[in-house]
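Chemist: Residue numbers (full-length UniProt numbering): 1 to 231. What follows is a single structure, and I will ask about it in a moment.
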Amino acid sequence: MLETIFRGLFDSDLTSVISVTDFLLCLGCALALGLVMALAYMYKTRYTKSFVVTLALLPAVVCVVIMMVNGNVGTGVAVAGAFSLVRFRSVPGSAKEICALFLAMGTGLIAGMGYLAYAALFTAALCAAFLLYNRLDLGAKKNAAAYKTLTVTIPEDLDYSGVFDDIFKRFTRSYDLVTVKTTNMGSMFRLTYDITLRDPAREKEMIDLLRCRNGNLEISVSKQETMAAEL
Numbered sequence: 001m002l003e004t005i006f007r008g009l010f011d012s013d014l015t016s017v018i019s020v021t022d023f024l025l026c027l028g029c030a031l032a033l034g035l036v037m038a039l040a041y042m043y044k045t046r047y048t049k050s051f052v053v054t055l056a057l058l059p060a061v062v063c064v065v066i067m068m069v070n071g072n073v074g075t076g077v078a079v080a081g082a083f084s085l086v087r088f089r090s091v092p093g094s095a096k097e098i099c100a101l102f103l104a105m106g107t108g109l110i111a112g113m114g115y116l117a118y119a120a121l122f123t124a125a126l127c128a129a130f131l132l133y134n135r136l137d138l139g140a141k142k143n144a145a146a147y148k149t150l151t152v153t154i155p156e157d158l159d160y161s162g163v164f165d166d167i168f169k170r171f172t173r174s175y176d177l178v179t180v181k182t183t184n185m186g187s188m189f190r191l192t193y194d195i196t197l198r199d200p201a202r203e204k205e206m207i208d209l210l211r212c213r214n215g216n217l218e219i220s221v222s223k224q225e226t227m228a229a230e231l
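Shown next as C-alpha cells:
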C-alpha cells in the first residue's frame, strides 16, 4: 500500500520505482553529510547563517533530484539545464564559497546515485583536504604584506607624471597609477597607485621620501583589495 502511494502518475509496470526505505536512507545520508560539510566550512571561517544552511541542505536537494531522474536521459539533460540557470547567491561569492557549493553538489550526486559509502568517503576526504588547505598559509600573508594601495596627495603645481618613479623603482617591484582625482577645490591632486613592495619592512622609509617630495601632504597606505578578482 505504501509503495502504491509513492508511485508516479506516469509510471508503468516496466518503470523501476525507488522504495520509500531507500529514498529515506539516501536522503538521511545526504542531510548528514551536508551537515558535516557545513561544520567543516564553519571552522575558522567567516560565514553567514543563510550560506551555512544552504550548504547543509544542498546535498539533499541534489540527491533527491538525481534519484528522481533515475536513469532517464531526457530528464537528466533537462535537470542539467535547470541547474545551469540557478544562482545560488544573489551577491558574488568568494572562491572558497563556490568550492564549498560544488563539493556539496558532488556529495548529493553520489548519494543520489545510491553510492552512500562513496558519498561518505568523498565527504570525509574533501572536508579533510578543505580544512588542511585552510590551515596552510600558501604565501597569503606574504602577498598581503607586499601588495598595497598607496594614495598620495600632491599640490596642483607638481606634475604627477612620473614624479615618484625613482622612489617606486627603489622600493617596489611594480607600480601602477590607477586613479587621478582633484581635491580641495581643485588645488590638489590625489593619486592612487597599486604597488608591490620589494621589502614590506622598508615601507616607512618609502613613505618618508614621498613626504619630502609631496610637501608633507596626506599619504595613506592600505591593503590592496583582492575580493573582486579572488578567483
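Cβ coordinates follow ideal geometry from the N, Cα and C atoms, glycine included.
Along the chain, where does the alpha helix (DSSP H) that runs through Arg202 open and close?
Modeler: Run containing Arg202: none; DSSP gives neither H nor E here.
Chemist: Just to check my reading of the structure: Leu55 and Ala38 have Cβ atoms closer than 8 Å, yes? What is that Cβ distance to the nearest angstrom?
Modeler: Sure, about 5 Å apart at Cβ, within 8 Å.
Chemist: DSSP beta-bridge partners for Phe189?
Modeler: Answer is Ile154 and Thr182.
Chemist: Quick check: the segment 122-137 against the segment 148-163, are there 3 or more CB pairs under 8 Å?
Modeler: Touching, no.
Chemist: Based on Cα-Cα distance, which residue from Glu97, Lys148, Ala119 and Tyr147 lies nearest to Phe130?
Modeler: Ranking the options by Cα distance to Phe130, first place goes to Glu97.
Chemist: Considering only their Cβ atoms, is the gap separating Leu109 from Ser220 smaller than 9 Å?
Modeler: No, these two residues do not count as a Cβ contact at 9 Å.
Chemist: Helix, strand or coil for Thr54, going by three-state DSSP, please let me know.
Modeler: In this structure, Thr54 counts as helix in the three-state DSSP scheme.
Chemist: Have a look at the DSSP bridge pairing and note the partners of Glu149.
Modeler: Glu is not the amino acid found at residue 149; the sequence shown has Thr there. Thr149 pairs with Asp194 and Ser222.
Chemist: Would you call the CB atoms of Ala146 and Cys26 closer than 9 Å?
Modeler: No, these two residues do not count as a Cβ contact at 9 Å.
Chemist: By DSSP, does Thr172 sit in helix, in strand, or in coil?
Modeler: Thr172 falls in the strand class under three-state DSSP.
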